[in-house]
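S.K.:
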Amino acid sequence: MINRKRLRIANHDLPFQLALVAFGIVTFFPLALVVITSFKSNTQFYHNFWLPELPLHLGNYSSAFRIIWRYIVNSVLYSGSTICLIAIIASVAGYVFARFRFPFKTALFLGFITLIMVPGVLTLAPRFVLVRDLGLVNTPGALISVWVSGGLVLSTWLMRSYFESLPRELFDAAYVDGAAEWQVFIYVSVPLARPMIATVAMTTLISTWNDLIWPLVTITDKDKMPLAMGLMQFSSDFETDWGTLFAGYVISSIPLLCVFAVAMRQFISGLTSGSIKA
Amino acid sequence: MFGRGRKIAPYLFISPFFVGYAIFFLYPVIQSLQLSFYRQVGLTNAPRFIGFDNYIRLVSKDALFIKALSNTTYYALGSILIIVPLALLLALILHSPKLRFREFFRFLYFTPNITAGVVVGIIFGLVFEEQYGLVNNLLLAPLGIDNVRWLRDSRWIMPAVILLGVWKWTGINAIYFMVGLQNIPPELKEAARVDGATRPQVFWHVTLPLLRPILAFVLTVAIIGSYNLFAEPAILVGPEGGPNNAGMTMTMYLYNRGFRELKMGYASAIGYSLAVIILILSVIQLILIRAFRED
């Protein structure tokens, strides 16, 4: 009897498991194709589009790396500075919005938040004019300034709701011990908010790392391009050399894949406690 | 802290946030509204005030704008109608308690979302290639269907872009839904089951209504994302959207007018029309979801 029941449950789940696998294959196949092609010479590629073939051409990777490393370094610098600035500004502002009382607080906050719906492209033209007038065209400043201000709204919102959800007693203990406000912030609040800071960092990472249109408008020098745009340049430089092209794509995907393989759980738990619960 | 400082301090601490926001976000938003009433060609020429002319031209004389608008709407409707049910189904499966390798699947479905747009564009160029491409060769040929000219036939470009969108966005939306499912207390479903509700009934009357906030979030993000679509179609079929501009999205059109032809005033008018459309759609969507609750 028990056995039969267990069997029924197992059968019941099998189609689901199969559906997951099938969908997984559809999802992964195009990416696997990139990896497969990255080991091929052009002759092998034209001879057989879809399947791996021996010998593997590892040389594709070294020639792709010679070009692509620069774009990766640029992107790490640009996205990294953006993330640091956002983490600092948003956690301070979020903390103040969550824990202080001051005139116009709610009005100010709502004023900021309503504009979250404004699509980025709306302001593309005047933002470009502004950045040009500030003399920032073709400098990292053009990207970082706009990315920081664009990402701040959502990040501050996330940080505020996180600080609000922390129990008051955690802070009271520190005040009783005679800690100043800044000490409470640095030694109590920031360590507690680490999960949410990680989520903010990761959402910022995805949106800046893959942004194409803004770098396209503001950066013209080849050696200043971030990865998303560098890949476009790279694609036209190696248009006819499929192996090297796809080896470059594989190399370029590694940084984000590593970050998310390690921190996926963190990312999801941050989402659970923050944005989409509100 | 120190008397008077205590009053100013909060404003001081939010000032970096406020300054960054005001200069690079609020100012351009206002500036682009102003610019949309001017005619400005090139980067150095003086702008000339022309009132609503840009907007009037957009809706009455600019066939390409209407084309881009209908293409983008086609994409938004098509992709959302496929992605949302599919993501929900996937989330329900991923949520089932006996599932093995859950973490692995979750990561797998997330990978398209962190793949650069340029790479996705090039890959799907191969996937939809006419002679050797994956879809024509492995999926349609066995069914006896002749090669579809995906990227060279204006009727098939948008369906191809929609399939690309489905591939890229279903996984992350499934993760959002899964987060929502985790927040539903299991007792509610058990209670309904005890009262004699069937599985589908529990889904329709307990699970789905409780997922409403997530559904609203997913739809809002999907609408904004759809109308901001740029990199993938631009790489897949070129900046003009391929034959008959069938793959031209509104953002591509804005980019072309503003930054390839340097018509900044006109581009700003496109941007504001886009913002108004997104706003209207988001409001309609929120009202519909609310109506669903009354029922």
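So the sequences go chain by chain: A and B.
Be aware that the first sequence starts at 1, since it is given in my numbering, and climbs by one per residue.
Be aware that the second sequence starts at 279, since it is given in my numbering, and climbs by one per residue.
Note that the Cβ used here is the ideal one computed from N, Cα and C, for glycine as well.
Everything numeric in this text was worked out from a predicted model, so none of it was measured.
1) Going by other Cβ atoms of all chains shown within 10 Å of its Cβ, with 16 needed for buried, is residue 54 of chain A buried or exposed?
2) Which residue from A:51, A:197, A:123 puts its Cα closest to that of residue 304 of chain B?
3) Quick check: residue 94 of chain A and residue 160 of chain A, are their CB atoms within less than 7 Å of each other?
4) Between the Cα of residue 140 of chain A and those of A:216, A:256, A:34, A:252, spot the shortest distance and give me the residue it belongs to.
5) Could you tell me how far apart the beta carbons of residue 226 of chain A and residue 75 of chain A are, in whole angstroms, since I believe they sit closer than 8 Å?
6) Return the residues of the region 116-130 of chain A that lie within a Cβ-Cβ distance of less than 9 Å from chain B, sorted by chain order.
7) Could you tell me if residue 496 of chain B is buried or exposed, where buried requires 16 or more neighbouring beta carbons within 10 angstroms of its beta carbon?
8) Suppose you measure from the CA of residue 452 of chain B to the CA of residue 138 of chain A; what does that come to, to the nearest Å?
9) Rounded to a whole number of angstroms, what is the C-alpha to C-alpha distance between residue 149 of chain A and residue 306 of chain B?
10) So which residues on chain A does residue 563 of chain B lean against when the C-beta distance must stay under 8 Å?
11) For residue 535 of chain B, does the count of other Cβ atoms within 10 angstroms reach 16, so buried, or fall short, so exposed?
12) Suppose you measure from the CA of residue 473 of chain B to the CA of residue 365 of chain B; what does that come to, to the nearest Å?
13) Return the Cβ separation of residue 401 of chain B and residue 33 of chain A in integer angstroms, given the expectation that the two are a contact with Cβ distance under 8 Å.
14) Please name the residues in the region 147-176 of chain A whose beta-carbon is closer than 8 Å to at least one beta-carbon of chain B, in chain order.
15) Does any C-beta atom of chain B lie closer than 7 Å to the C-beta of residue 145 of chain A?
16) Can you tell me the Cα-Cα spacing of residue 105 of chain A and residue 97 of chain A, whole angstroms?
17) Is the shortest distance between the beta-carbon of residue 530 of chain B and the beta-carbons of chain C less than 7 Å?
18) Excluding the 5 residues flanking residue 91 of chain A on each side, which residues of the same chain have their C-beta closer than 7 Å to its C-beta?
19) In this structure, how does DSSP classify residue 249 of chain A when only helix, strand and coil are distinguished?
20) Tell me where the alpha helix (DSSP H) around residue 231 of chain A begins and ends.
21) Looking at the structure shown, is residue 327 of chain B part of a helix, part of a strand, or coil, going by DSSP?
22) Just tell me which of A:247, A:206, A:266, A:229 has its CA closest to the CA of residue 256 of chain A.
23) Could you check whether the Cβ of residue 545 of chain B sits closer than 7 Å to any Cβ belonging to chain A?
24) Could you check what DSSP says for residue 538 of chain B in three-state terms: helix, strand or coil?
25) Which residues in the same chain have their Cβ closer than 7 Å to the Cβ of residue 515 of chain B, if we skip the five residues on either side of it in sequence?
26) Can you find at least 3 beta carbon pairs, one from the region 437-444 of chain B and one from the region 368-382 of chain B, that sit closer than 8 Å?
27) Going by Cα to Cα distance, which pick from B:521, B:539, B:373, B:501 is closest to residue 560 of chain B?
28) Check each residue of the region 455-482 of chain B: if its Cβ is closer than 9 Å to any Cβ of chain A, include it; give the result in chain order.
29) Between which two residues does the alpha helix (DSSP H) containing residue 169 of chain A stretch?
30) Hey, does residue 299 of chain B have any beta-carbon neighbour from chain A nearer than 7 Å?
31) Using Cβ-Cβ distances below 9 Å, what residues of the region 61-90 of chain A are close to chain B?
32) Should residue 40 of chain A go down as buried or exposed, given a rule of 16 or more other Cβ atoms within 10 Å for buried?
33) Near residue 368 of chain B, which residues of its chain fall below 6 Å by C-beta distance, leaving aside the five closest residues on each side in sequence?
34) Please identify the residue among A:130, A:152, A:153, A:151 whose C-alpha is closest to the C-alpha of residue 142 of chain A.
35) Please go through the same chain and pick out, in chain order, the residues whose beta-carbon is closer than 8 Å to the beta-carbon of residue 427 of chain B, but skip the five residues on each side of it.
36) Please confirm whether residue 365 of chain B has its beta-carbon closer than 7 Å to some beta-carbon of chain A.
M.R.: In terms of the structure at hand:
1) Numbered from its first residue, the first sequence carries residue 54 of chain A at position 54. Classification for residue 54 of chain A: exposed.
2) Numbered from 1 along the second sequence, position 26 holds the residue referred to as residue 304 of chain B. Checked all of A:51, A:197, A:123; the closest Cα to residue 304 of chain B is A:123.
3) Sequence index remark: in the first sequence, residue 94 of chain A carries index 94 (1-based). Sequence index remark: in the first sequence, residue 160 of chain A carries index 160 (1-based). Yes.
4) What you label residue 140 of chain A is simply residue 140 of the first sequence in a count that begins at 1. That would be A:216, whose Cα lies nearest to the Cα of residue 140 of chain A.
5) The residue given as residue 226 of chain A occupies position 226 in the first sequence. The residue given as residue 75 of chain A occupies position 75 in the first sequence. Correct: roughly 4 Å between the Cβ atoms.
6) 117, 118, 119, 120, 121, 122, 123, 124, 125, 126, 127, 128, 129, 130
7) Here residue 496 of chain B refers to the residue found at position 218 of the second sequence. Residue 496 of chain B is buried by the Cβ-count criterion.
8) Position 174 of the second sequence, counting from 1, holds the residue named residue 452 of chain B. Position 138 of the first sequence, counting from 1, holds the residue named residue 138 of chain A. One C-alpha to the other measures close to 38 Å.
9) For this step, residue 149 of chain A is matched to residue 149 along the first sequence. For this step, residue 306 of chain B is matched to residue 28 along the second sequence. Rounded to the nearest angstrom, the two C-alpha atoms are 12 Å apart.
10) As a working mapping, residue 563 of chain B is identified with position 285 in the second sequence. Residues of chain A passing the Cβ test: none, with the nearest at roughly 12 Å.
11) Numbered from 1 along the second sequence, position 257 holds the residue referred to as residue 535 of chain B. Its Cβ being crowded by 16 or more others within 10 Å, residue 535 of chain B is buried.
12) Taking the first residue of the second sequence as position 1, residue 473 of chain B is located at position 195. Taking the first residue of the second sequence as position 1, residue 365 of chain B is located at position 87. Each residue's Cα considered, the two are about 29 Å apart.
13) Reading the second sequence from its first residue, position 123 is the one you call residue 401 of chain B. Reading the first sequence from its first residue, position 33 is the one you call residue 33 of chain A. About 7 Å; that satisfies the 8 Å criterion.
14) 148, 149, 150, 152, 153, 156
15) Stepping through the first sequence from its first residue, residue 145 of chain A is reached at position 145. So, interface residue.
16) Taking the first residue of the first sequence as 1, we reach residue 105 of chain A at position 105. Taking the first residue of the first sequence as 1, we reach residue 97 of chain A at position 97. Residue 105 of chain A and residue 97 of chain A: Cα-Cα distance of roughly 7 Å.
17) The displayed structure is made up of protein chains A and B, and chain C is not among them.
18) The residue labelled residue 91 of chain A in the question sits at position 91 within the first sequence. 159, 190, 193, 197.
19) Along the first sequence, read from residue 1 onward, the residue named residue 249 of chain A stands at position 249. Here residue 249 of chain A sits in helix by DSSP.
20) Reading the first sequence from its first residue, position 231 is the one you call residue 231 of chain A. Per DSSP, residue 231 of chain A belongs to the alpha helix (DSSP H) from 227-237.
21) Here the question's residue 327 of chain B lines up with position 49 in the second sequence. Residue 327 of chain B falls in the strand class under three-state DSSP.
22) Your numbering for residue 256 of chain A matches position 256 in the first sequence. Per the Cα distances, A:206.
23) Numbered from its first residue, the second sequence carries residue 545 of chain B at position 267. It does; some Cβ of chain A falls within 7 Å.
24) As a first step, residue 538 of chain B must be located in the second sequence, where it is residue number 260. Helix at residue 538 of chain B.
25) For this step, residue 515 of chain B is matched to residue 237 along the second sequence. 429, 435, 525.
26) no
27) In the second sequence, the residue the question calls residue 560 of chain B occupies position 282. Answer by Cα proximity: B:501.
28) 456, 457, 458, 460, 461
29) The sequence position of residue 169 of chain A within the first sequence is 169, counting from 1. Note, residue 169 of chain A: alpha helix (DSSP H), 168-176.
30) Translated into the one-based positions of the second sequence, residue 299 of chain B becomes position 21. With 7 Å as the cut-off, residue 299 of chain B counts as an interface residue toward chain A.
31) 85, 88, 89, 90
32) Against the first sequence, residue 40 of chain A aligns to sequence position 40. So residue 40 of chain A ends up on the buried side.
33) Within the second sequence, the letter at position 90 stands for residue 368 of chain B. Answer for residue 368 of chain B: 452, listed in chain order.
34) Stepping through the first sequence from its first residue, residue 142 of chain A is reached at position 142. Comparing Cα positions, the closest option is A:130.
35) Start at 1 with the first residue of the second sequence, and residue 427 of chain B comes out as number 149. Cβ within range, chain order: 408, 434.
36) Indexing the second sequence from 1 puts residue 365 of chain B at position 87. Not an interface residue.
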